[in-house]
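Inspection log for the structure reproduced underneath, given as structure tokens.
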Amino acid sequence: MNKGPIGRTFTLQQNKEPEHTAKTTQEWLWDKSLNVLEWPSQSPDLIPIKHLWGDLTLAVQRCSPSNLTELERICREKLEKLPKYRCFKLVASYPRRLKANCCQRCFNKVLSEGS
Numbered sequence: 012m013n014k015g016p017i018g019r020t021f022t023l024q025q026n027k028e029p030e031h032t033a034k035t036t037q038e039w040l041w042d043k044s045l046n047v048l049e050w051p052s053q054s055p056d057l058i059p060i061k062h063l064w065g066d067l068t069l070a071v072q073r074c075s076p077s078n079l080t081e082l083e084r085i086c087r088e089k090l091e092k093l094p095k096y097r098c099f100k101l102v103a104s105y106p107r108r109l110k111a112n113c114c115q116r117c118f119n120k121v122l123s124e125g126s
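Position one of the sequence shown corresponds to residue 12 (this note's numbering), numbered consecutively onward.
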């Protein structure tokens with residue numbers, strides 16, 4: 012694991028989307044000695060930040076910003092107000108969501124092989 016700017020360790024999580032597997036991206040990660048956790052493609056349910064982006068999007072849309080300045084202000088306000096327990100809950104529920112995802116993938120594979 013790598014030390015972050017505030018002294019915490021971290022692992023970069025990314026899926027197999029083209030922008031993540033591009034040669035230039037891989038070289039940059041290698042040069043920076045970043046620890047990368049490979050992730051299944053097309054699995055937004057396994058990525059906690061996707062849920063938080065969804066929460067933020069809904070909160071901002073409810074305010075109907077009318078210009079870019081207002082959008083930026085509202086985004087900052089709503090981001091600050093996202094409950095910390097939501098982050099903890101998403102992380103705590105990860106093992107259950109991972110297991111469900113793996114089971115679904117196995118089930119889909121069995122179905123496709125049976126056809």
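Just so it is clear, CB atoms sit at the ideal spot from N, CA and C, and this is done for glycine as well.
Near the ligand HEM: residue i beta-carbon under 7 angstroms from a heavy atom
{"i": "Phe99", "result": "The ligand HEM is absent from the structure shown, which contains no ligands of any kind."}
Distance between residue j and residue i (C-alpha atoms, nearest Å)
{"i": "Lys100", "j": "Pro29", "result": "30 angstroms"}
{"i": "Gln72", "j": "Arg107", "result": "30 angstroms"}
{"i": "Cys74", "j": "Glu83", "result": "12 angstroms"}
{"i": "Ile17", "j": "Asp42", "result": "Bear in mind that a pLDDT of 46 at Ile17, under 50, signals an unreliable position, so the number given afterwards is only what the model happens to contain. Their Cα atoms are separated by approximately 21 angstroms."}
{"i": "Glu38", "j": "Gln25", "result": "15 angstroms"}
Cross-strand partners of residue i (DSSP beta bridge)
{"i": "Val47", "result": "Leu23"}
Inter-residue CB distance, residue i and residue j (contact presumed, cutoff 8 angstroms)
{"i": "Leu69", "j": "Cys86", "result": "The pair is not a contact, with the Cβ atoms about 12 angstroms apart (cut-off 8 angstroms)."}
{"i": "Thr22", "j": "Leu48", "result": "5 angstroms"}
{"i": "Leu57", "j": "Leu109", "result": "6 angstroms"}
Delimiting residues of the alpha helix (DSSP H) encompassing residue i
{"i": "Glu30", "result": "29–32"}
Q.
So within the region 54–126, which uninterrupted alpha helix (DSSP H) runs reach at least 4 residues, ignoring any that extend past its ends?
A. You should have 59–74, 79–92, 95–103, 105–125.
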